[in-house]
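Here my numbering is used: the first residue of the sequence shown is -2, the next is one more, and so on. Glycine included, C-beta positions come from ideal geometry on N, C-alpha and C. For clarity, every value in this text was computed on a predicted model and none was experimentally measured. Reading through the structure tokens given below for one structure.
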Amino acid sequence: MREVAVTLPDGAVRTFPAGTTGADVAADISKSLARAALAVTLDGRLSDLSQPIEKDVQLSVVTAKDEAPALELIRHDAAHIMARAVQELWPDVKVTIGPVIENGWYYDFDRREPFTPEDLEAISARMRQIIAARDPVRTEVWERDRAIRHYEALGEPYKVELVEAIPEADPVRMYWHGHWQDLCRGPHLANTGQVPADAFKLMSIAGAYWRGDSRRAMLQRIYGVAFRTKADLDAYLHQLEEAQKRDHRRLGKEMDLFHLQQEAQGSVFWHPNGFVIWRVLEAYIRRQLDADGYVEVKTPQLLDSALWVQSGHWGKFRENMFVVPDEIPSTEEEGPVLSGKAELMALKPMNCPGHIQIFKQGTKSYRDLPLRMAEFGCCHRNEAHGALHGLMRVRQMTQDDAHIFCREDQIFEETRRFLDLFARVYGHMGMTEIAYKLATRPDQRAGDDATWNRAEEALAQALEANGLEFDYAPGEGAFYGPKLEFHLTDAIGRTWQAGTFQLDYVLPERLDATYVGEDGARHRPVMLHRAVFGTFERFIGLLIEHYAGRFPLWLAPRQVVVAPIVSEANAYAEEVVAALRERGLRAEADLRNEKINYKVREHSLAKVPVILAVGGREVEERTVSIRRLGEQGSRVAALDAAVAELGLEAVPPDLR
């Protein structure tokens, strides 16, 4: 009998008869492993426990401890179990597809009546019954014609269409979860009982066109989430609840920071309170750039399409650019407003081509490098309306953008310098948990391997020299050079990607940027694209959600409200405000004829960090009653001491 060699993760090799399954191997290792096994990886590919092993292979048994593959399997099986539950409850429902997505899955159904929240409860209950039954999961590969006849007989037109779309060379794989069957690539768990019955939840119902085509049938999509344990599910639901409380769009309205409206899709109307945050951040990051040796520039909003053609953006990015004809519109009442014959211009979607135009003015020497050129550049990108999301995804954005023109031997030091700047800034912002990734060469790229080797090595050495742990993201670099990614964890455990640092050998070549080297010859500079915040819009949105609107005093748009308890204290309240403003604080008096509890409640909702209450006693003793946002009770302090205390606290962290 033919045998196969199975290499285990510890390097041990065991031989088995050909056709042995992953389940057999797990049982041969130990009974406890066989009970815990969910699937196996064969030469790194996730496979069913029932998959026959026909050749020598490296095998690893997947259990619930293996988070990523375990979640993939649990969520995939939960989607099938949900579809089975739906068809058991309503046999006339047609099923379509049910892929795994972040945190869970969805499944699309064709049903005449709309699903209701009560239906979701019934589906969940039936799912738990199916899980409790521990029905076996099995799979077969069918001939294409057999699968089509099968689904035609069942009256499942969507499945027929899916089978017909499978490439001829690919197998048509069928899975059974108990008696219920679905078309699927797999892999799946060994039985329905391996899905944790207390660690999933059906979340919502939405409409979705079949195949995303508005000309096709409108289906009903049910979303669910699933985790390995109930504790993980509870943590996720708590995070969702917290995220809803912290939603920057809701807080932006409550704090009167900004608004968006239909007439300016994807562009922000900043209110005075919101623009205070912007100005404080702009002043802060400008101080950092000045100290770090940057020069600040300003480039045009509107540039001829010829420049974008030369830079390569016209060919690769044009669908995301706002294109403008270079002509004066007609004022005639009849006839076209625009002729359609004019040369084209475009609103800049990025600042880099403009910065190269400044670099090219006059001759640059190797002694002039590195040249660190910064701009708070307003850019426009033609994002689809459906992709827009508050401050997080906009059409008009302002970047704290900069480009460093340097020699290749300066990449290491400039990268170290930026990493120091990045860590310092985010430390000041109260976000110190940063994961670093080095994104390396993609398959489609410009430049030779030797250049890529040097660039990737310089970035890796800079990360190591700064004592930073990092992961590689193979193939995720830009086509023109490798890049660093910065993943930040916020106050409730969510991860955000912010900032950018990218090496670029291509754009200086395309736009003919050169410097005179020590040898007297012309050389191309390396261009480092970098931003710390990314865009002001998205960064402010991130901060709003990170702090839940409760900004540290130096960032808060309204820092102190002085609230008289009685009208006789109004004059003293204004005196307190004047003292605070003289110390540089953003302070105001609330002199309305309202009770103090009403004022405190209203200003607390608006997330004002400090409320100073003053009444007859405070006037007489020249004190204030200090109430901090989120704290119970208040304390009394002398006016001069309170002003000094708050004045020190309001100083930006880089100036302390």
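Taking the alpha carbon of residue i as the reference point, which residue from the options has its own alpha carbon closest?
i                 : options                        : result
arginine 521      : Lys62, Val503, Glu118          : Val503
proline 606       : Leu582, Val59, Ile163, Pro350  : Leu582
phenylalanine 548 : Ser264, Gly271, Gly190         : Gly271
valine 1          : Asp651, Lys52, Thr38           : Lys52
leucine 540       : Met389, Gly41, Lys480          : Met389
aspartate 25      : Ser44, Leu5, Asp40             : Leu5
phenylalanine 530 : Val559, Tyr206, Ala495, Asn590 : Ala495
alanine 570       : Glu628, Leu636, Gly627, Asp509 : Leu636
leucine 577       : Ala638, Gly490, Tyr544         : Ala638
glutamate 585     : Glu316, Ala560, Glu238, Tyr233 : Ala560
alanine 223       : Ala280, Pro322, Pro168, Trp102 : Trp102
histidine 425     : Leu117, Ile282, Phe266, Tyr233 : Ile282
isoleucine 202    : Ala166, Ser211, Phe106         : Phe106
alanine 339       : Phe112, Glu239, Pro322, Leu39  : Pro322
alanine 75        : Met124, Leu117, Ala119         : Met124
leucine 112       : Glu591, Asp195, Ile219, Asp45  : Looking at the sequence shown, residue 112 is not leucine but phenylalanine. Comparing Cα-Cα distances from phenylalanine 112 to each of Glu591, Asp195, Ile219, Asp45, the minimum goes to Ile219.
alanine 9         : Asp45, Gln236, Val22           : Val22
leucine 35        : Ala65, Ala518, Thr17, Thr296   : Ala65
arginine 404      : Pro114, Thr437, His386, Thr511 : Thr511
leucine 248       : Glu293, Val648, Gln354, Ser601 : Ser601
tyrosine 233      : Gly490, Phe314, Ala288, Thr360 : Gly490
Measure the C-alpha to C-alpha separation of residue i and residue j and round it to an integer number of angstroms.
i              : j                 : result
serine 57      : lysine 242        : 42 Å
lysine 604     : methionine 252    : 7 Å
tyrosine 104   : threonine 93      : 7 Å
tyrosine 433   : valine 523        : 22 Å
isoleucine 71  : glutamine 191     : 8 Å
proline 326    : serine 302        : 19 Å
arginine 614   : lysine 596        : 19 Å
glutamine 48   : glycine 19        : 6 Å
isoleucine 127 : glycine 209       : 31 Å
leucine 652    : phenylalanine 536 : 21 Å
leucine 654    : arginine 364      : Residue 654 lies beyond the residue range present for the chain, which begins at -2 and ends at 653; the question has no answer from this structure.
alanine 566    : glutamate 642     : 22 Å
arginine 369   : glutamate 506     : 19 Å
alanine 61     : glutamine 55      : 20 Å
alanine 528    : aspartate 446     : 27 Å
glycine 546    : glutamate 329     : 51 Å
asparagine 348 : asparagine 317    : 15 Å
histidine 543  : isoleucine 274    : 14 Å
How many whole angstroms separate the CB atoms of residue i and residue j, which I take to be in contact at a CB cut-off of 8 Å?
i             : j             : result
tyrosine 374  : glutamine 396 : Note that residue 374 corresponds to glycine in the displayed sequence, not to tyrosine. Contact holds; Cβ gap of about 5 Å.
aspartate 501 : tyrosine 469  : About 20 Å; that fails the 8 Å criterion.
valine 633    : leucine 609   : No, valine 633 and leucine 609 are not in contact; Cβ-Cβ is about 10 Å, not under 8 Å.
threonine 136 : arginine 109  : Wrong, their Cβ atoms sit about 32 Å apart, outside the cutoff.
alanine 381   : aspartate 398 : Alanine 381 to aspartate 398, Cβ: 24 Å. No contact.
isoleucine 50 : valine 90     : 38 Å between Cβ atoms; not a contact.
arginine 225  : threonine 189 : Arginine 225 to threonine 189, Cβ: 16 Å. No contact.
Less than 7 Å between the CB of residue i and some heavy atom of the ligand HEM, yes or no?
i           : result
leucine 577 : For the ligand HEM, the structure offers nothing, since it holds no ligand at all.
Could you check if residue i is buried or exposed, using at least 16 other CB atoms within 10 Å of its CB as the buried criterion?
i             : result
proline 14    : exposed
proline 439   : exposed
tyrosine 172  : buried
serine 29     : exposed
histidine 176 : exposed
histidine 400 : buried
aspartate 142 : exposed
proline 554   : buried
proline 88    : exposed
threonine 429 : exposed
glutamine 258 : exposed
By the DSSP assignment, the alpha helix (DSSP H) with residue i in it spans what residues?
i              : result
alanine 33     : 28 to 33
tryptophan 311 : 310 to 314
glycine 372    : Here residue 372 turns out to be glutamate, not glycine, going by the sequence shown. Unbroken run through glutamate 372 is the beta strand (DSSP E), 368 to 377; no alpha helix (DSSP H).
glutamine 354  : 349 to 356
arginine 390   : It is not in any alpha helix (DSSP H) - arginine 390 carries neither H nor E in the DSSP assignment.
tryptophan 449 : 446 to 462
proline 154    : 154 to 162
glycine 101    : Looking at the DSSP string, glycine 101 is not in any alpha helix (DSSP H); the run it does join, the beta strand (DSSP E), is 101 to 107.
alanine 610    : It is not in any alpha helix (DSSP H) - alanine 610 instead sits in the beta strand (DSSP E) that spans 607 to 611.
glutamine 285  : 269 to 288
glutamine 126  : 114 to 130
tyrosine 544   : 533 to 544
Beta strand (DSSP E) containing residue i: first to last residue?
i             : result
threonine 412 : Counting along the chain, threonine 412 falls outside any beta strand (DSSP E), though it belongs to the alpha helix (DSSP H) covering 408 to 425.
glutamate 251 : Looking at the DSSP string, glutamate 251 is not in any beta strand (DSSP E); the run it does join, the alpha helix (DSSP H), is 245 to 251.
valine 633    : 632 to 635
glutamate 473 : That residue, glutamate 473, is in no beta strand (DSSP E); it is neither H nor E in DSSP.
aspartate 301 : 299 to 301
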